[in-house]
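Colleague:
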Amino acid sequence: MIVTGTRPEIIKMAPIIRALQKRSIPFTFVYCGQHYDYVMSQKFIHELQLPNPHCLYKVQTASPSIQIGRIMCFLERTIKRYRPKMVLVEGDTNSVLASAVAALKQNIPVGHVEAGLRSFDLRMPEEHNRRLVDHISTLLFAPTKHAKNNLRRENVWGKIYVTGNTVIDAVNQHMPLAIRKSRIMEKIRYNPFALVTAHRAENVDDLNTLKNLIEAYMESPVPIVYPMHPRTRKRLLQNGLWNKLVDCENVTILPPLGYFDFLVLMKKCVFIITDSGGIQEEATSPLVRKPVLVTRLSTERPEAVKAGFAKVVGTKKEDIISAANELLNNRKDLPTFSPFGDGKAAERIVSILENSFYA
Ligand code: UD1
Ligand code: UDP
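Using numbering that gives the first Met the number 0, read the sequence shown as starting at 0 and increasing by one per residue.
#1: According to DSSP, simplified to helix, strand and coil, what is residue 73?
#2: Give the single residue among 242, 226, 219 and 247 whose Cα lies nearest to the Cα of residue 322.
#3: Between the Cα of residue 84 and those of 1, 262, 308 and 18, spot the shortest distance and give me the residue it belongs to.
#4: What are the uninterrupted segments assigned as alpha helix (DSSP H) that are 4 or more residues long and contained completely in the stretch 244 to 304, given in chain order?
#5: Please list the segments of the beta strand (DSSP E) lying wholly inside the stretch 117 to 152, counting only runs of 3 or more residues, in order along the chain.
#6: Would you mind stating whether residue 159 and residue 147 have Cβ atoms separated by less than 7 Å?
#7: Which residues mark the beginning and the end of the alpha helix (DSSP H) in which residue 331 is found?
#8: Restricting to runs no shorter than 4 residues, where is the alpha helix (DSSP H) found entirely within the stretch 176 to 201?
#9: Three-state secondary structure (DSSP) at residue 158?
#10: Determine, using beta carbons only, whether residue 298 and residue 287 come nearer to each other than 7 Å.
#11: Secondary structure at residue 344, three-state DSSP: helix, strand or coil?
#12: Whose C-alpha, out of 39, 29 and 107, is nearest the C-alpha of residue 198?
#13: Using three-state DSSP, classify residue 25 as helix, strand or coil.
#14: Tell me which same chain residues have a C-beta within less than 6 Å of the C-beta of residue 91, skipping the five on either side of it?
#15: Measure the C-alpha to C-alpha separation of residue 205 and residue 196 and round it to an integer number of angstroms.
#16: Taking only three categories from DSSP, how would you classify residue 45?
#17: Which class does residue 99 belong to by DSSP, given the choice of helix, strand or coil?
#18: DSSP three-state call for residue 212: helix, strand or coil?
#19: Would you kindly report the start and end of the unbroken beta strand (DSSP E) that includes residue 236?
#20: Is it the case that the Cβ atoms of residue 164 and residue 282 are separated by a distance below 7 Å?
#21: Are the Cβ atoms of residue 263 and residue 177 separated by less than 7 Å?
#22: State the beta-bridge partners of residue 89 as determined by DSSP.
#23: Between which two residues does the beta strand (DSSP E) carrying residue 57 extend?
#24: Just to check, is the beta-carbon of residue 36 closer than 6 Å to a non-hydrogen atom of the ligand UD1?
#25: Closer than 6 Å by C-beta to residue 257: which residues in its own chain qualify, once you throw out the five before and the five after it? Chain order, please.
Next up, the structure:
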């Protein structure tokens, strides 16, 4: 049973779903609706031509405990109905924690894709989720050796495999089609431009940090293209900051984009400013190869920093702007390989599943 609940989970599970289909391995596809707007959920299922989920739910709430509780109840019903051999989850969202606990309580083994990431920052809800899920998983698919070492240090009980991250597979599988199909560049009035995203709770739910971020975008030395996450849009509206950003000539705000449009923007921008996890990884794909300023205090993807793609710049306006200037003035050649794998992670994961359950 493949469980997804948010935009990045659909994108990162897509290559696994395709690998299962290719080998005719039966699976149940579940979407538990932590993300519920069409542009944050179903749009990706359609665009990436994934099968319709066998089970759909819309949890739709802001309280983490209610969200996790409701998803657990939904998953319990779904697991009882389908009796899967394993529940496969990806990443570190509340959907992932809830699904893994529900599976454990039904004595169904859990497989964790993207296991072993650690920011060591307990302000992040994602750090709670990933730590807990790793300790109740039977199969742990670590994207890198670094992630495997994190798991080893914590003495997790499950079996660890280093597979690469399926997001690199996803970029490889979708970029050619994205370049052919996307019309997004017709909407971009700047050349060059920097691509921005921000949605982390510890950033956008903190008014001071939010203000620092938007001022940095407004004063950026390169104009900004910003497809905005609904969480951030709500915070800007609540705090009377929305008009300030919309009226700024240096910033173009877009709605959350489909994957093809977003891939094209990553390819065409000069650099990326983000607090996203997945985007830090995608920027290292040989098909993207872009520098990333990580607007956070820590990263659970140090591999991107070590390889020279990413720099953790914090959330202060001056630091973000000075890092952007430095990038423009000192352009460096970036590696032609990704530290997150060779694009065959999904095939490896499915081979391991096949050997575990069908050998
Ligand atoms: C969640 C994940 C985060 C992941 C991100 C991917 C957790 C704790 N967080 O953050 O790890 O990086 O998804 O984007 O699981 N909202 C909408 N429409 C939607 C979805 C969200 O309006 O379709 C708004 C709602 O006000 C909601 C808020 O965004 O309350 C937060 O949504 P939630 O799913 O709780 O967390 P994200 O910030 O999306
Ligand atoms: N993404 C997208 N459209 C957007 C913004 C992001 O398709 O407007 C994709 C992006 O390419 C990456 C994933 O969504 O694959 C990252 O999602 P997000 O940043 O919301 O979550 P995180 O990776 O931080 O958990």
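Note that beta-carbon positions come from the ideal geometry of N, C-alpha and C, so glycine has one too. Please read all numbers here as calculations on a predicted model, not as lab measurements.
Modeller: Let me spell this out:
#1: If DSSP states are grouped into helix, strand and coil, residue 73 belongs with the helices.
#2: The residue with the shortest Cα to Cα distance from residue 322 is 219.
#3: Among 1, 262, 308 and 18, the Cα nearest to that of residue 84 belongs to 1.
#4: Whole alpha helix (DSSP H) segments, 4+ residues: 258 to 267 and 276 to 281.
#5: For the stretch 117 to 152, whole beta strand (DSSP E) runs of length 3 or above, ordered along the chain, are 138 to 141.
#6: Yes.
#7: Taken as a continuous stretch (DSSP letters only), residue 331 belongs to no alpha helix (DSSP H), as it is neither H nor E.
#8: The DSSP assignment places no complete alpha helix (DSSP H) segment of no fewer than 4 residues inside the stretch 176 to 201.
#9: Note: residue 158 maps to strand in three-state DSSP.
#10: No, these two residues do not count as a Cβ contact at 7 Å.
#11: Helix.
#12: Restricting attention to 39, 29 and 107, the CA atom closest to the CA of residue 198 is found in 39.
#13: In this structure, residue 25 counts as coil in the three-state DSSP scheme.
#14: Within the same chain, residue 91 has close Cβ partners 125, 128 and 129.
#15: Straight-line Cα distance between these residues: approximately 16 Å.
#16: Three-state result, residue 45: helix.
#17: Taken through DSSP and simplified to helix, strand or coil, residue 99 comes out as helix.
#18: Here DSSP, grouped into helix, strand and coil, assigns residue 212 to helix.
#19: Note, residue 236: premise wrong, no beta strand (DSSP E); alpha helix (DSSP H) at 229 to 237.
#20: No, the pair does not count as a contact, with Cβ atoms beyond the cut-off.
#21: A contact, by the Cβ cut-off of 7 Å.
#22: Residue 89 is bridged by DSSP to 112.
#23: Taken as a continuous stretch (DSSP letters only), residue 57 belongs to no beta strand (DSSP E), as it is neither H nor E.
#24: At least one heavy atom of the ligand UD1 sits closer than 6 Å to the Cβ of residue 36.
#25: Cβ neighbours of residue 257 beyond the five flanking positions: 42 and 46.
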